[in-house]
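Q: Handing you this structure, nothing more for now.
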Amino acid sequence: MFRRIREDVRAMRERDPAAKGWLEVLLGYPGLHAVWAHLLCHRLWNAGFGLTARLLSNVVRLLTGVEIHPAAEVGRRVTIDHGMGVVIGETAEIGDDVHMYHGVTLGGDTNEPVKRHPTVESGAQLGANATLLGDITIGEDAAVGAGSVVTQDVDPGATVVGVPAERVD
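Per numbering that gives the first Met the number 0, the sequence shown runs over residues 0 to 168.
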């Protein structure tokens, strides 16, 4: 657990030029607090304590402004800068070393009990207020611009912007 916290603090310090020191990041970054709390919620969910996991995740949302469904899969060194308004749905999958900003939504596009939320592969960056909808894949090292609405797969390494999002590189 402590190794994971050290990794996350180091990752945030590398990605956020405003981070002045490890103690500031450890105590003052609610996006990281939400990711750490999600680890517990996810374990509770997988152990069959769904109601407890949901209630705890709601407390975390109240405290941090970040909502991560306990069933969502979140990789290592995932950082959420500023955090407020981030929503990560039940069947979302997030790889390692993903960085996202405030207001990002990984949302569903159907009411059916199927994979209905995005998969974000390792190294991707999601700009502020980006909305990703449905069972789509954001490829490894891809970037989604701020305010973009993404409803189709994004190739690895690509940059997409706009509403609807289109490739720009």
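Even glycine gets a Cβ: it sits at the ideal position worked out from N, Cα and C.
1) In this structure, does DSSP put I4 in helix, strand or coil?
2) Roughly how many whole angstroms lie between the Cα atoms of T158 and H32?
3) How about A164 and P155: do their beta carbons lie closer than 8 Å?
4) Within its chain, find whatever has a CB closer than 6 Å to the CB of G106; leave out the 5 residues flanking it on each side and keep chain order.
5) Count the C-beta pairs between the region 108-122 and the region 77-95 that are closer than 8 Å, then say yes if the count reaches three, no if not.
6) If you follow the alpha helix (DSSP H) that V86 is part of, which residue opens it and which one closes it?
7) Please tell me whether V58 and V85 are closer than 8 Å, where the distance is taken between their beta carbons.
8) Give the DSSP-derived three-state secondary structure of T104 in the structure shown.
9) Under a Cβ-count criterion, where at least 16 other Cβ atoms within 10 Å of its own Cβ denotes burial, should T78 be classed as buried or exposed?
10) Considering only DSSP beta bridges, list what V73 is partnered with.
11) Determine the closest residue to I137 out of G30, M11, Y100 and Q124, with distance taken between C-alpha atoms.
12) What separation, rounded to the nearest whole angstrom, lies between the Cα atoms of G126 and G161?
13) In terms of alpha-carbon separation, which member of W21, V148 and D96 lies closest to R5?
14) Once you ignore the five residues that flank R169 on each side, which residues in its own chain have a CB closer than 6 Å to its CB?
15) Quick check on this structure: which residue in E23, M11, R76 and G144 has the alpha carbon closest to the alpha carbon of G102?
16) Tell me, please, which residues DSSP counts as bridged to Q124.
17) Roughly how many angstroms lie between the CA atoms of V34 and L62, to the nearest whole one?
18) Is R115 helix, strand or coil by DSSP?
A: In this structure, then:
1) helix
2) For T158 and H32, the gap between their C-alpha atoms comes out near 28 Å.
3) no
4) G88 and L132
5) yes
6) Counting along the chain, V86 falls outside any alpha helix (DSSP H), though it belongs to the beta strand (DSSP E) covering V85 to I87.
7) No, Cβ-Cβ distance for V58 and V85 is not below 8 Å.
8) strand
9) buried
10) I93
11) Nearest C-alpha to I137: Q124.
12) 11 Å
13) The residue with the shortest Cα to Cα distance from R5 is W21.
14) Examination of residue 169 is not possible in this model, given that the chain is present from 0 through 168 alone.
15) G144
16) H98 and A142
17) Rounded to the nearest whole angstrom, the C-alpha separation of V34 and L62 is 12 Å.
18) coil
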